[in-house]
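Take a look at the structure set out below.
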Amino acid sequence: MDGRGPRPEPPRRRSGDVSSGLVRPWGKRAAKDRTDSPTRTAILDAAETLFTLHGYARTTMAHIADEASVSRATTYVYFASRADVFRALARRVRDEIAEVQRTAAASREPHEIIESSIRAGLQVYAAKSRFLTVLAHQALADDDMRGLAEEIHGDSIDVNARFIALLQQRRQADPAASPHAVAHAVNAIMLRFSMDAADDPAELDRLASDTVAMYCRLVGLER
């Protein structure tokens, strides 16, 4: 005892205090929950509409917030910047194409895989055609945008090339060029045809059939 009496106890930490160990797990969960939240989806949908109508340079975070009917502060909870929003949109397209390929791969019959993946892939590309056009224009002068474009198409091309190589290994196909070159060519055809399908959705079936026919010929797979 030094005559000064007992030392006061430090204040107890409440679960919401910044110093509390409970905050960090909650932060992780909140971040994960925001990924698929309706508000985030609404912001992305609004941004996609504005980017396709006005381009990247003329669309601001304020415009996006207004279009999504949320506050600017809410928009910044989900995205740090306009570029962050654009990246999320590009990766949403990438993920939709990846899902198309995963679904098609459930079949064991090569023709069914090709038919399913091309038809569904054309639908995705047609729905996102105007956004992809904006991305392509931005990629001409912006390395980050070019990287996004390569991320969207590169993953799809790699998956397709591996599929063609597998058919070749099993002697089920005799591609006209390397698997990667054929996959690049098919991707280019799909992107071009998706523009026509976006302008006239009634043409989608014919365009898909033509693409499947060209794919099979390029891969050396009899229909």
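Going by the numbering used here, the sequence shown opens with residue 2, and the numbers climb by one from there. Glycine is no exception: its CB is placed at the ideal position from the N, C-alpha and C atoms. Just so we're clear, the structure is a prediction, and the values are computed from it rather than from any experiment.
Helix, strand or coil at residue i [DSSP, three-state]
{"i": "residue 212", "result": "helix"}
{"i": "residue 201", "result": "coil"}
{"i": "residue 77", "result": "helix"}
{"i": "residue 122", "result": "helix"}
{"i": "residue 218", "result": "helix"}
{"i": "residue 110", "result": "coil"}
{"i": "residue 29", "result": "Low confidence applies here, because residue 29 scores a pLDDT of 33, under 50, leaving its location unreliable and the question unanswered by this model."}
{"i": "residue 58", "result": "coil"}
{"i": "residue 116", "result": "helix"}
Burial state of residue i (16 or more Cβ within 10 Å)
{"i": "residue 38", "result": "exposed"}
{"i": "residue 180", "result": "buried"}
{"i": "residue 202", "result": "exposed"}
{"i": "residue 82", "result": "exposed"}
{"i": "residue 41", "result": "buried"}
{"i": "residue 1", "result": "Shown here, the chain extends from 2 to 224; a query on residue 1 therefore has no answer."}
{"i": "residue 49", "result": "buried"}
Whole-Å CB distance - residue i paired with residue j, under 8 Å assumed
{"i": "residue 222", "j": "residue 123", "result": "Contact flag wrong, Cβ pair sits at about 19 Å."}
{"i": "residue 105", "j": "residue 153", "result": "Not a contact, Cβ separation roughly 18 Å."}
{"i": "residue 73", "j": "residue 66", "result": "5 Å"}
Endpoints, alpha helix (DSSP H) assigned at residue i
{"i": "residue 97", "result": "83-105"}
{"i": "residue 54", "result": "39-55"}
{"i": "residue 63", "result": "62-69"}
| said: Could you tell me which whole alpha helix (DSSP H) segments of length 4 or greater appear in the stretch 129-210? | reply: 130-140, 144-170, 180-200
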